[in-house]
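Undergrad:
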Amino acid sequence: MQFSHQKQGLLIVLSGPSGAGKGTVCARLRNFMPELTYSVSATTRKPREGEQEGVNYFFKTREEFEEMIRNDELLEWAEYVGNYYGTPRRFVEERLAEGQDVLLEIEVQGAMQIKRRFPHGVFIFLVPPSLEELRRRIEGRGTETDEVVERRLDTAAKELGLIEHYDYVVVNDRVDAACDRIRSIIIAEHCRRERLMAIRE
Ligand code: 5GP
């Protein structure tokens, strides 16, 4: 009897409140785990300084985004603090079929849509070490108006309430440690009994 890993890649969803440090952790993961495929989302949010089209996001107008929804081009989408965000479907489905692991860094409403479609996905929730630290990080970013900061804090509190729908919680006390934990989760998930196929000689 031989055992082999499943051919289909793992779909990994990373969520967490604004200020948990998802962006920083994902940027570090790109170096730390180059074997992972990172899905680039579409959004109607304006680019922040230094953000590049096709690298950080595909920046769209509301009309373009709504067209993508109508054409069923998105695997999931959500409205978050006044803007649309969504995951282009084709790229993700093709990479998974090729056996690559794909990481989606998305907010909770989108993650719940993915969970319904991909119940075997791996759902990871990233949290800051404390709520005080969360506020400090959101305020310290300095790129948003007071109103947006308050809305993000309010949204963050609601997002924390959905933690129970996730398989794993990673505390982002240090970026390197958080990346280590995420990598360990992915390795362990590949070893799950139900993901290993037994092949008879
Ligand atoms: P930001 O504006 O800070 O880049 O992102 C705001 C929120 O949108 C973050 O929680 C981020 O994870 C989430 N987000 C980014 N891309 C997507 C996506 O494709 N779908 C969904 N549902 N959320 C996304």
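According to the numbering used here, the residues represented by the sequence shown are 199 to 399, in order. The beta-carbon is built from N, C-alpha and C at its ideal position, and this holds for glycine as well.
For Leu394, does the count of other Cβ atoms within 10 angstroms reach 16, so buried, or fall short, so exposed?
TA: Start at 1 with the first residue of the sequence shown, and residue 394 comes out as number 196. Label assigned to Leu394: exposed.
Undergrad: Within 10 angstroms of its Cβ, does Cys389 collect 16 or more other Cβ (buried), or is it exposed?
TA: As a first step, residue 389 is located in the sequence shown; it is residue number 191 there, counting from the start. Classification for Cys389: exposed.
Undergrad: Rounded to the nearest angstrom, what separates Arg339 and Ser216 at their Cα positions?
TA: Looking up residue 339 in the sequence shown gives position 141. Looking up residue 216 in the sequence shown gives position 18. When rounded, the distance between both Cα atoms is 11 Å.
Undergrad: CA-CA distance, Gln311 and Leu358?
TA: Locating residue 311 in the sequence shown gives position 113, counting from the first residue. Locating residue 358 in the sequence shown gives position 160, counting from the first residue. Rounded to whole angstroms, Gln311 to Leu358 spans 17 Å at the Cα level.
Undergrad: Report the three-state DSSP secondary structure of Glu303 (helix, strand or coil).
TA: Along the sequence shown, one-based indexing puts residue 303 at 105. Strand.
Undergrad: Run through DSSP, which three-state label would Thr285 get?
TA: Translated into the one-based positions of the sequence shown, residue 285 becomes position 87. DSSP places Thr285 in strand when its eight states are reduced to three.
Undergrad: Leu212 by DSSP, collapsed to three states: which one?
TA: What you label residue 212 is simply residue 14 of the sequence shown in a count that begins at 1. Correct three-state label for Leu212: strand.
Undergrad: To test your reading of the DSSP string, which unbroken beta strand (DSSP E) runs of 3 or more residues are found completely within the stretch 341-382?
TA: Fully enclosed beta strand (DSSP E) runs of 3 or longer: 366-369.
Undergrad: Is Tyr283 near the ligand 5GP - that is, is its Cβ less than 7 Å away from at least one heavy atom of it?
TA: By one-based count along the sequence shown, residue 283 stands at place 85. Yes, Cβ of Tyr283 sits closer than 7 Å to a heavy atom of the ligand 5GP.
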